[in-house]
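Reading through the structure tokens given below for one structure.
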Amino acid sequence: QIRARLEEIIVNFNDLIEAFGVDYQVKEWQVDPEKETVFFGCALNCWGFTLPQAIKKGLKFSDIMKILKSNPQQLSKILPLGETIARIIYHKVPNPREAQKRRANYLWIDGEVPSGVRECSMEDRTVFYLSKCLVEAGRIFAIGRVFSGKIKVGEYICLNNYEHKRVDAVHLLFGSTSKYVKEIPAGGIFGAFIDARPGQTFASDYLTGFFKLPSYIAVPVVFIAVEPKRSEDFDKLIEELEILKVEDPNVSVEINKDTGEILLGGIGELHLEIIIKDLMEKVELYASEPMIAYRELLISGATVEENGVRISIEPVKDEKSLKAILSGKVLNAKDGNILAFKNFPSEEKGALETILLSALKNGPLVGEPIIGAVIKIEKMDAERVDINDVFVAFSKALSLAKTEICEPYYEFDLSTKPDYVGGIISEVNRRGGKVNSMEAGSGGFIKIKGIIPVRTSIGLPNAVRSIAHGSAYIQLRFYNYLLATDKAREYVMRDIKSRKGLE
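Position one of the sequence shown corresponds to residue -8 (this note's numbering), numbered consecutively onward.
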């Protein structure tokens, strides 16, 4: 059964590469256990192996199971995962010079790819990209790759917003440790102290374009209320949450300025459990039961023109567009809406954006945040328009618009034996889910795909495994926000009003 599941994962991966790969990827990215491009093991417990490695050592699956039952820690010594990964990366992954020639054209946007980036040239201007940020002793420690030139202490330009930021120190990374160095050349991975965020591109001088921003499909849809057990730890909790926001882009933190209530959002129940566990090691706190992040979806808009400003608020075209906005794939997308300004100086745009986004957090229906709005703000008369005029016109347009309650949905991928399909589908239907497709998978498994409200998905993985006596695998990921069905709407509205004390 386990072998069949592993084969299914490998086949599915290769099918995806064949379906969505471009050019060379279709052939070169196919994986094969015999060619040491597939690992088996447990990253959590630091053991793993490749098929040729297991054959060479004379290890059978039954041998590994015996060790796991008797002395699981021994496996990390017999089959150390780190050594295996390092060896395979060295032999299988293309070097930066080869890789960048292929990758640069797909990754660089809004301009022509700099020749130094394409060639991985150490002699060209410095260009680097940040992929992860940590907070060390109150300072942001960023991890990234140098694509051209050499990174060293000094000032650089963020190509995403043209702000100047300073690199205070450069470190060469060695696993969980690092060493201070003078510089790191093109092709190298580095750590550096710089006030920046993941996804930003920096250069030693002005360039047109930048690397694509990361796209987070995982939208925070479940949240909990947290508060410190001791009031004197409030500032400490806020500090830890600010660090968390830097290190985990899939987390949202909202603080009610009137009540002091702190709402922590995550992509699912398990995600929040892990976050709370880590937070409790630093601050003792109380946490509420998981709650669903409902929203008000704009269904009809309005246009207002007065005091020299024209404001148009319109709903997005379709569900696909809404998902793209929520995942940040659309230019000017913020908090599930699009804001576009015309004839406004940059300093006014920033202030207006903050004010308008704040107003959108309190929808007219039941006070939930508004999503799915395309907002265009145009200054018609530059002489006599100020921020207050814009806000007044915006408030009027918003009062004429209409919203309806919507709730988040997960899409699920599920594999199980044919004997349990009926019971599992009944459970999905009972929870208000919908099965979209079923097909035969490898190893005699049936693959089921569909969508289900996040609200009713709590506990679904355990229920599915119970029905199938362990012979089922399920994966949940964010799908979209959809209008609540007639049957669900009454429950959702009651839940929101009860939570807010409106009943």
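C-beta atoms are modelled at their ideal positions from N, C-alpha and C, and glycine is treated no differently.
Compare the beta carbon distance of residue i and residue j with 8 Å and say whether it is the shorter of the two.
| i | j | result |
| --- | --- | --- |
| residue 261 | residue 200 | no |
| residue 185 | residue 128 | no |
| residue 461 | residue 443 | no |
| residue 210 | residue 318 | yes |
| residue 42 | residue 24 | yes |
| residue 121 | residue 44 | no |
| residue 509 | residue 40 | In the structure as shown, the chain starts at -8 and stops at 494, and residue 509 therefore has no counterpart that could be examined. |
| residue 215 | residue 303 | no |
| residue 392 | residue 367 | no |
| residue 334 | residue 370 | yes |
| residue 284 | residue 399 | yes |
| residue 21 | residue 0 | no |
| residue 295 | residue 380 | no |
| residue 441 | residue 469 | no |
| residue 153 | residue 160 | no |
| residue 270 | residue 231 | yes |
| residue 297 | residue 384 | yes |
| residue 431 | residue 389 | no |
By Cβ distance below 7 Å, which residues in the same chain neighbour residue i in space, the five residues on each side in sequence not counted?
| i | result |
| --- | --- |
| residue 394 | 287, 288, 289, 290, 354, 355, 356, 361 |
| residue 113 | 140, 141, 176, 177 |
| residue 259 | 213, 467 |
| residue 324 | 316 |
| residue 428 | 440 |
So, for residue i: in the same chain, excluding its five sequence neighbours on each side, which residues have a beta-carbon less than 6 Å away from its beta-carbon?
| i | result |
| --- | --- |
| residue 58 | 65, 66 |
| residue 193 | 119, 147, 149 |
| residue 309 | none |
| residue 272 | none |
| residue 115 | 107, 139, 140 |
| residue 275 | 220 |
| residue 123 | 134, 189 |
Over the uninterrupted alpha helix (DSSP H) stretch that includes residue i, give me the two end residues.
| i | result |
| --- | --- |
| residue 359 | It is not in any alpha helix (DSSP H) - residue 359 carries neither H nor E in the DSSP assignment. |
| residue 404 | Here residue 404 belongs to no alpha helix (DSSP H); instead the beta strand (DSSP E) covers 393 to 407. |
| residue 69 | 66 to 69 |
| residue 490 | 477 to 491 |
| residue 77 | 72 to 83 |
| residue 16 | 16 to 19 |
Tell me where the beta strand (DSSP E) around residue i begins and ends.
| i | result |
| --- | --- |
| residue 314 | Run containing residue 314: none in the beta strand (DSSP E); it sits in the alpha helix (DSSP H), 310 to 317. |
| residue 277 | 276 to 278 |
| residue 52 | Where residue 52 is concerned, there is no enclosing beta strand (DSSP E), although the alpha helix (DSSP H) it sits in stretches over 52 to 61. |
| residue 422 | Counting along the chain, residue 422 falls outside any beta strand (DSSP E), and DSSP gives it neither H nor E. |
| residue 218 | 213 to 219 |
Taking the DSSP output, what are the residues bridged to residue i?
| i | result |
| --- | --- |
| residue 350 | Paired residue(s): none; residue 350 is not in a bridge. |
| residue 370 | 300 |
| residue 428 | 440 |
| residue 33 | 38 |
| residue 2 | Answer is none; residue 2 lacks a bridge partner. |
| residue 329 | 324, 365 |
| residue 201 | 100 |
| residue 192 | 120 |
| residue 306 | 364 |
| residue 385 | Looking at the DSSP assignment, residue 385 forms no beta bridge with any residue, so it has no partner. |
| residue 291 | 393 |
| residue 531 | The shown model of the chain, from -8 to 494, leaves out residue 531, and the question about it has no answer. |
| residue 286 | 397 |
Only counting the same chain, and skipping five residues up and downstream in sequence, which positions put a Cβ closer than 8 Å to that of residue i?
| i | result |
| --- | --- |
| residue 418 | 451, 454, 455, 458 |
| residue 306 | 288, 289, 290, 291, 292, 363, 364, 365 |
| residue 416 | 426, 439 |
| residue 81 | none |
| residue 437 | 406, 407, 408, 409, 412, 429, 430, 431 |
Segments of 4+ residues assigned as alpha helix (DSSP H) that fall wholly inside the stretch 93 to 179: 106 to 110
Continuous beta strand (DSSP E) assignments of at least 3 residues falling wholly in the stretch 434 to 475: 437 to 444, 463 to 474
Complete runs of the beta strand (DSSP E) confined to the stretch 223 to 270 [at least 3 residues]: 243 to 246, 253 to 257
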